[in-house]
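Below is one structure, written out as structure tokens; the observations come after it.
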Amino acid sequence: MQKPPSSRPDTPCVAVCSTTFDDVCRGCGRTVAEVANWVFMTQEEKERVWTRITAQGYPRRNS
292 MQKPPSSRPD
302 TPCVAVCSTT
312 FDDVCRGCGR
322 TVAEVANWVF
332 MTQEEKERVW
342 TRITAQGYPR
352 RNS
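Note that our numbering has the sequence shown beginning at 292, numbered continuously upward.
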């Protein structure tokens, strides 16, 4: 079940940063561009990212 926005951390980062094989972080599921621009994104943009990554099974602490 997806957490409501108010109960989530500010960022999906789990300090398992790796984009070695493609453009998607293996820890949080965000693209390199999303990671770089996270602090500039609107709450709506962040919510879209959270929705996508949680549907894909991210964030992952043991990737």
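For every residue, glycine included, the Cβ atom is placed at its ideal position computed from N, Cα and C. These numbers come from a predicted model, not from an experiment.
| Check | Outcome |
| --- | --- |
| Distance, Asp314 Cα to Arg299 Cα | 24 Å |
| Cβ separation of Thr310 and Cys319, assumed to be a contact under 8 Å, to the nearest whole Å | Rounded, the Cβ-Cβ distance is 10 Å, inconsistent with contact. |
| Exposed unless 16 or more other CB atoms sit within 10 angstroms - verdict on Glu338 | exposed |
| Pairwise C-alpha distance: Arg321 and Thr302 | 10 Å |
| Straight-line gap, Ser354 to Met332 (C-alpha atoms, nearest Å) | A caution first: Ser354 carries a pLDDT of 47, below 50, which makes its placement in the model too unreliable to give a value. |
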